[in-house]
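**Student:** As they're listed, the protein sequences go chains X and U. Per my numbering, numbering through the first sequence is continuous, rising by one, with the last residue being 38. Per my numbering, numbering through the second sequence is continuous, rising by one, with the last residue being 266. Glycine included, each C-beta is placed from N, C-alpha and C at the ideal position. No experiment lies behind these values; they were computed from the predicted model shown. Structure provided below as structure tokens; questions to follow.
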Amino acid sequence: TAGQGSITSFFGAP
Amino acid sequence: MLEARLEQANLLKKVVDAIKDLVQDCNFDCNDSGIALQAMDNSHVALVSMMLKSESFSPFRCDRNIALGINLTSLTKVLRAAQNEDILTLKAEDAPDVVNLVFESAESDRISEYDIKLMDIDQEHLGIPETEYAATISMPSAEFQRICRDLMALSESVSIECSKEGVKFACQGDIGSGSVTLRSHTNVDKPEMNVEIDLTEPVSLTFSLKYLVGFCKASSLSGQVKLCLSNEVPLLVEYALANNSYLRFYLAPKIGD
């Protein structure tokens, strides 16, 4: 089954 | 100091109601452009981004940047004391220990006043990159809510496929499978019923329905919802509010198969 991605792997520190 | 007066308490009640199950303790960042909030859920799968522009308040005054660290369960308890149509004023000093909320009934001479103790919240602020999304879908928010609820009865996740044929929400579960396909649609008499699909390239992504159903608690804030998708980036679910204010949710896609 598909795993759940994490927001922090797409949006980093500004 | 901060002084922000909302014509109707309803707006803040609905916003807090829509996000309180996703995030618990948040900083309300106040500056002269308005009141903003950004917070991730505990599992870092979803991110809430709210912006209430200064134009949404009348009057609005904020001389310097103030972060109001508020527990949303506490805020909900206090907002329950406000009638939907009450005028709501938020007040805070420059280095506040509390935020002050005043509810005024337009119809009677009743004035309620509450203070909520503030928290020191060390929240990491994420940079959200400007994204040219491959597909942008505007649709009735009630329709999106219904699709998510219906499909969640069958499965924990939904694939959203957008092509020139339309947008297809599909799921597979133990008892079977289901899908809902929408095509662009214009209703001249009721523009809130419009479905608009703006596509630059086909997209297919899978998301957790539990989160999408949670986002749909914001449906009463706006007749339309906007879904923005690109392959392999988080989905943006946006509820536009008056005066360019907004409530946005970002949801990380499911990865691999």
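In chain order, what residues of the same chain have a beta carbon less than 8 Å from the beta carbon of U/D159, not counting five sequence neighbours either side?
**Tutor:** Only G187 and V189 meet the Cβ criterion.
**Student:** Beta-carbon of U/K177 versus every beta-carbon of chain X: anything under 7 Å?
**Tutor:** Cβ-Cβ to chain X under 7 Å: no for U/K177.
**Student:** Does the count of Cβ pairs from the stretch 18 to 34 of chain U and the stretch 43 to 63 of chain U closer than 8 Å reach three?
**Tutor:** Output reads yes: the stretch 43 to 63 of chain U touches the stretch 18 to 34 of chain U.
**Student:** Answer yes if the stretch 115 to 128 of chain U comes into contact with the stretch 136 to 155 of chain U, meaning at least three C-beta pairs across the two stretches below 8 Å, and no otherwise.
**Tutor:** The answer is no - the stretch 115 to 128 of chain U does not touch the stretch 136 to 155 of chain U, with fewer than three Cβ pairs under 8 Å.
**Student:** Below 7 Å between beta carbons: does that hold for U/N36 and U/I130?
**Tutor:** Against a cut-off of 7 Å, the Cβ pair of U/I130 and U/N36 comes out as a contact.
**Student:** For U/A249, return the contacting residues in chain X, with the cut-off set at a CB-CB distance below 7 Å.
**Tutor:** Within chain X, no residue comes near U/A249; the closest Cβ sits about 21 Å away, beyond 7 Å.
**Student:** Is the number of C-beta pairs between the stretch 98 to 109 of chain U and the stretch 141 to 160 of chain U that are closer than 8 Å three or more?
**Tutor:** Contact between the stretch 98 to 109 of chain U and the stretch 141 to 160 of chain U is absent, because fewer than three Cβ pairs lie under 8 Å.
**Student:** What is the DSSP secondary structure of X/S31, counted as helix, strand or coil?
**Tutor:** The question names Ser, yet the displayed sequence has Ile at residue 31 of chain X. Looking at X/I31 - three-state DSSP - the assignment turns out to be helix.
**Student:** Strictly below 7 Å CB to CB, what residues from chain X border U/H53?
**Tutor:** Those are S30, I31 and T32, listed as they occur along chain X.
**Student:** According to the Cβ coordinates, are U/M66 and U/R14 closer than 7 Å?
**Tutor:** Looking at the sequence shown, residue 66 of chain U is not Met but Phe. For U/F66 and U/R14, yes; Cβs fall inside 7 Å.
**Student:** Need the endpoints of the beta strand (DSSP E) that U/V108 sits in, please.
**Tutor:** Residues V107 to E113.
**Student:** Quick one: which chain X residues come within Cβ less than 8 Å of U/I137?
**Tutor:** Correct list: F35.
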